[in-house]
Amino acid sequence: MPSRSLAFSAGIVVVAAFAALPLLGIAYATSIGMTLLVAFVLAQSWDWVGGEAGYVNLGHFVFYGLGAYVFCILLVRGVPMPVCLGVACVLTAAVAALLAFPLFRLSGDYFAFATLALLPLFELLAFNLTPVTGGADGIVLPPHYVLGTAFYLILILAVVTFLLTGMLTSSRFGYALKSIRNDELAAEIVGIRIFPAKLAVLVLSAAFAALAGAIQGWQLSYIDPPTVFGLNVALVPISMALLGGSGKRWGPVVGVVILFALQQWLLVNITILQATVYGLVILLIGRFMPGGLLRAQFAQNIPLVRLLSRDHHRDIGKPSNVVPLHAGQLPIRTSNERGNVLLETRDLTMRFGGNIAVNAVNIKIRQGEIVGLVGANGSGKTTLFNCISKVYEPTGTIIFDGSPIDGLRRDEVSRVGVGRTFQNPRPFGDLTVLENIAIALTYRADNKALSTAFEESAQFAAFVGLQDRLSSRADSLTLQEKKSLELARALALKPKLLLVDEVASGLTPAEVKQFVGHIRDIRDTYGITVMWVEHIFSALAQVVDRLIVLEQGVVIADAPLAEAVKDPKVLKSYLGTGPANVA
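For the record, in the sequence shown the residue sitting at position 284 is 575 according to the working numbering, with numbers rising by one throughout.
Here it is as structure tokens:
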């Protein structure tokens, strides 16, 4: 709390200092201050997409340029300034929304390079649409002096940008973006709609960049294509965000201050090769501080850096205060009608080119069962799970709880009551145990409030033995702890059916025994139906009611455990030719 009060007080002082600049009557100082504020708005709004959502948008400056051009085009035609500002913002946001559809079909480096191509594309358009844009001559606004007014507008925009960043990073929507940054598939599996979230943050980012471009274009009274679409200026705000620490709340602030100071020093002390020296500095930063200054280990010795680099993860107090739960304490649904068919597949088939991974599978899973799904490597077990959870799009029919779910998206399948774990755990690595579970709680069908979700998350963590790791990042956990976390996250969805994929593999006998106990409690105490893929047959044999055996994507046995292990086809395909010991 003291650190937050200190930060708030420091923020008030900084805003007051900026607000006093025009009152000094020094136009140069005001102009420098405005340039600094514009750089901050651009760096911070870029970081919403690049840092929070993990999509490196190298074409972010296009939205700045569009905002500037739309504003100036309207202003020279006599449209009132406030209207110009609003239209520039809305029109640029609309362009961003349209671009989102093709761009977000890409990811990683492909997304980055596609967005980079937007800069020369829009620069070329600005050069060639001469009747509208003025071509190479650009647009010159009528003589006016608006430096003071423009400065206060951009100061207000910068303050709103910073405050919005704080709200964004700790909101339900912000946690959706962090989940997307970590693992899009896992985010969908816990109920997050991926594309609408990415669309919303890109549009928001574009709108703020457009406002910055419009206000600065108004202040400068002149724009041309290289000024607002040129690569040499477009990458500067991105470099600032990366230098400070992308995805850190204070990262863009730190990066803007350092690189802006460097720019001014170069202008004064180096008259030639300024761009070369600047570029070299950026390369060195990328080489030796790839996570930015706020993530650099050596910089943590500096008290201010250590303070600004804190992630401020949500917490509920000391982990030691959380008492492990006993049976019956988890706030999740219990089915009262055992025996009814919960899941049915009809001729479910999944092809990968000429390979049929799942071949006309017809199964029924009844409420309250624990069903083991076994088979040799490559027999189609995980593929079947992927079909049910809509990771893949199979042919055939899937009926869940009496309704077909063939046309549902992955997030919708999650919200109707299908939870799952993965063969290789997929927690959100840079989020805490508490945050991982809270995300599932807040995005499940009943859309639980974030504050309540954090309170309940500790219960699910305690159920799997993670009550002492609530504040630990998921990527710091052991394999067993990651699997426990993923199980807790799946339970937080309040599933009717839980798909458990090889949760015991790679664990010690004691850890396997612990997971067997979890599976038993999940069904016996909470009434959740379980399908369990597992190669450790002795673990399965302790809890399953029935075995489904796959061979090359085909069901070769579906029977109670005692019968299945005596089936000659099962003995030959999976268990060997000798008698099975299921004791």
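Positions of the beta carbon are idealized from the N, C-alpha and C atoms, including for glycine.
Taking buried to mean at least 16 other C-beta atoms within 10 Å of its own C-beta, is residue i buried or exposed?
i, result
"T799", "exposed"
"E777", "buried"
"D929", "Here the chain has residues from 292 to 874 only, and residue 929 is not among them."
"K860", "exposed"
"R760", "buried"
"R735", "buried"
"V824", "buried"
"P434", "exposed"
"R540", "buried"
"N631", "exposed"
"S530", "buried"
"K489", "buried"
"M458", "exposed"
"A308", "exposed"
"P610", "Since pLDDT at P610 reaches only 42, below the 50 mark, its modelled position is unreliable, and the value read off the structure follows with that caveat. The residue is buried, with at least 16 neighbouring Cβ atoms inside 10 Å."
Secondary structure at residue i, three-state DSSP: helix, strand or coil?
i, result
"G356", "helix"
"Y346", "coil"
"Y401", "helix"
"I647", "strand"
"P594", "helix"
"A781", "helix"
"A874", "Interpretation of A874 is limited by its pLDDT of 39, a score under 50 that renders its predicted location unreliable; no figure is taken from the coordinates."
"H617", "Unreliable positioning characterises H617 in this predicted model, as indicated by a pLDDT of 45, which lies under 50. The coordinate reading is nonetheless provided below. Here H617 sits in coil by DSSP."
"R540", "coil"
"S694", "strand"
"R717", "coil"
"A301", "helix"
"G808", "helix"
"I483", "coil"
"D606", "Because the pLDDT at D606 is just 49, under 50, the model does not fix this residue reliably, and the point stays unresolved."
"D737", "coil"
"P581", "coil"
"V856", "coil"
The ligand NAD and residue i: does the residue's C-beta get closer than 8 Å to at least one heavy atom of that ligand?
i, result
"Q554", "With respect to small molecules bound, the structure shown includes none, and the ligand NAD cannot be examined in it."
Taking the DSSP output, what are the residues bridged to residue i?
i, result
"K655", "E635"
"W823", "G663, V791"
"I839", "L664, D849"
"I689", "T636"
"V709", "L788"
"M641", "V649"
"I514", "I430"
"R764", "T723"
Taking C-alpha atoms, which residue in the options lies nearest to residue i?
i, options, result
"G644", "V662, P685, I661, D638", "P685"
"G666", "S748, V340, I847", "I847"
"G659", "V548, P716, A795, V834", "V834"
"V361", "A503, D400, I447, L725", "A503"
"L852", "L664, F754, V386, G671", "L664"
"I728", "A477, T424, V545, V347", "A477"
"A388", "R700, L495, R760", "L495"
"V840", "T321, V451, V856, F806", "V856"
"L534", "A344, V824, Y817, A334", "A334"
"L349", "W556, F404, S742", "F404"
"A832", "K787, V807, V378, G844", "V807"
"G345", "H826, D792, D721", "D721"
"I471", "V451, G538, L416", "G538"
"G546", "L558, V519, G577", "G577"
"L782", "L768, L571, S748, V682", "S748"
Roughly how many whole angstroms lie between the Cα atoms of residue i and residue j?
i, j, result
"S462", "S300", "23 Å"
"A449", "N473", "28 Å"
"T421", "A427", "8 Å"
"I549", "L357", "27 Å"
"Y401", "V353", "18 Å"
"L390", "P594", "42 Å"
"S512", "G698", "54 Å"
"E854", "L468", "48 Å"
"Q714", "A795", "9 Å"
"S864", "F392", "47 Å"
"T383", "A752", "44 Å"
"R586", "A532", "12 Å"
"R601", "V649", "47 Å"
"P528", "V481", "34 Å"
"S763", "P371", "54 Å"
"S694", "R837", "24 Å"
"F745", "L394", "34 Å"
"R814", "E343", "37 Å"
"D692", "T673", "21 Å"
"E635", "R717", "27 Å"
"P313", "I483", "46 Å"
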